[in-house]
Amino acid sequence: MELCSYNIPSMLIKDFKKVIPPYKGKKIFRSYLLNEYSLPSSLDDFQKEIVDPEVHPFRMSKEEINKIDLLLRNAEKIGYSISKSALMRDILTCLVDQYRNKPIEVSEQKKQRFYIPKGSKKRISNLISNRNLTFELSNFIVDQYIPSGSFSSMRNQEQEDFTFKTDMYVFEVLDEIAKSYGFKKGGRAKVFRDAIQEFEKNLVQNSPKKNILKQELQNILEQYKEIEEPEVIKESLKKYLTK
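So the sequence shown is numbered by numbering that gives the first Met the number 0: it starts at 0 and just counts up by one.
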């Protein structure tokens with residue numbers, strides 16, 4: 000999986016999450032992109048400037064990235080140079096329109112407090128924004144999490160509480176894993192602690208927050224280059240980095 004970033008209006012992301020449950024969003028997006036989506040007959044709207052764009056991270060498989068690249072090449076063949084962000088916005092808009100009048104039913108929501116190693120929340124918050132945490136963690140547990148096999152006790156560790164509210168299905172996945180390891184009492188908590196530690200390791204390698212900041216910096220520098228000489232910009236950056 001590769002972490003990619005796109006400029007997407009925050010309202011479009013909210014609409015997407017409103018009609019498609021977090022843990023199902025990735026699978027539905029993947030299936031739609033690979034099997035259903037095609038470029039519209041007119042690509043003129045792809046050139047329009049969007050309102051209030053924000054950088055949003057997406058974890059993409061090699062197949063998904065290849066499909067995006069193929070669509071961009073097809074657009075070039077008919078005389079259009081479109082950005083990956085513009086293409087992603089159209090894909091998400093099509094999905095929202097498809098499910099707007101028949102949103103996927105969300106199963107029961109559940110909230111539970113877990114105890115995790117002290118300092119975990121701070122480290123994770125440095126790697127991913129709080130607004131994306133539940134969405135990303137839920138998807139990770141359902142689609143990517145592979146137990147480490149080391150379920151350490153919290154008895155002799157400093158700990159902090161972590162309240163996790165998500166779809167009941169995500170908790171059922173945790174319970175199934177706990178059952179497969181023969182855990183009974185406290186099994187869900189043990190698996191969740193392992194899952195969040197593996198999630199943190201994954202974020203260290205592919206941090207959405209770092210990716211977003213990098214993209215935002217690129218956007219700012221592109222705008223800065225329009226009104227200032229490159230050497231002046233380089234000198235400003237050099238002074239800032241050596242403070």
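Built from N, CA and C at the ideal position, the CB exists for glycine as well.
First and last residue of the uninterrupted alpha helix (DSSP H) at M167: Here the alpha helix (DSSP H) through M167 covers 167 to 179.
For E63, count neighbouring C-beta atoms within 10 Å of its own C-beta (all shown protein chains included) and say buried if the count is 16 or more, exposed if not. Only buried fits E63, as 16 or more other CB atoms lie within 10 angstroms of its CB.
Residues of its chain near L126, where Cβ-Cβ distance is below 8 angstroms and the 5 sequence neighbours each way are ignored: Only E199, L202, V203, S206, P207, K208, K209 meet the Cβ criterion.
Contact between the segment 86 to 103 and the segment 23 to 37 is defined here as three or more beta-carbon pairs at a separation below 8 angstroms; is this criterion met? As far as the Cβ criterion goes, the segment 86 to 103 touches the segment 23 to 37, which means the pair count is three or higher.
Residue from E53, D68, P52, D51 with nearest C-alpha to M59: Of the residues E53, D68, P52, D51, the one whose Cα lies closest to the Cα of M59 is D68.
Look up L86 in the DSSP assignment and say whether it is helix, strand or coil. Helix at L86.
Is it a yes or a no for the segment 0 to 15 touching the segment 48 to 57, going by three-plus beta-carbon pairs under 8 angstroms? Flag = yes, the segment 0 to 15 and the segment 48 to 57 touch.
Contact check, A194 vs I140 under 8 angstroms by CB: the rounded distance? With a Cβ gap of about 5 angstroms, A194 and I140 count as contacting.
Three-way DSSP call (helix, strand, coil) for E107 in this model: In the structure shown, E107 sits in coil (DSSP, three-state: anything other than H, G, I, E or B).
Between S147 and E197, which are expected to be in contact by the criterion C-beta below 8 angstroms, what is the C-beta distance as a whole number of angstroms? About 6 angstroms separates the CB atoms of S147 and E197; that is less than 8 angstroms, so the two are in contact.
From which residue to which residue does the beta strand (DSSP E) around S4 run? Run containing S4: 1 to 8, per the beta strand (DSSP E) assignment.
On the DSSP bridge assignment, give the partners of I248 in chain order. One cannot answer for residue 248 here, as it falls past the ends of the chain, which runs 0 to 242.
To the nearest angstrom, how far is it from the Cα of I226 to the Cα of R72? Going from the Cα of I226 to the Cα of R72 covers about 32 angstroms.
Cβ-based burial, M167 [other Cβ within 10 Å; buried from 16]: So M167 counts as exposed.
For I115 versus R192, is the C-beta spacing smaller than 8 angstroms? I115 places its beta carbon less than 8 angstroms from that of R192.
Under 8 angstroms between the Cβ atoms of R112 and T162? Result yes, Cβ atoms of R112 and T162 sit closer than 8 angstroms.
For K164 versus K76, is the C-beta distance shorter than 8 angstroms? At a Cβ-Cβ threshold of 8 angstroms, K164 and K76 do not count as neighbours.
Exposure of L212, with buried meaning 16 or more beta-carbon neighbours within 10 Å: Taking all protein chains shown into account, L212 has fewer than 16 neighbouring C-beta atoms within 10 Å of its C-beta and is therefore exposed.
What does DSSP give as the partner residue(s) for F63 in the beta ladder? Correcting the residue type first, residue 63 is Glu in the shown sequence and not Phe. According to DSSP, E63 bridges with nothing at all.
Please tell me whether F45 and Y5 are closer than 8 angstroms, where the distance is taken between their beta carbons. The answer is no: Cβ separation not under 8 angstroms.
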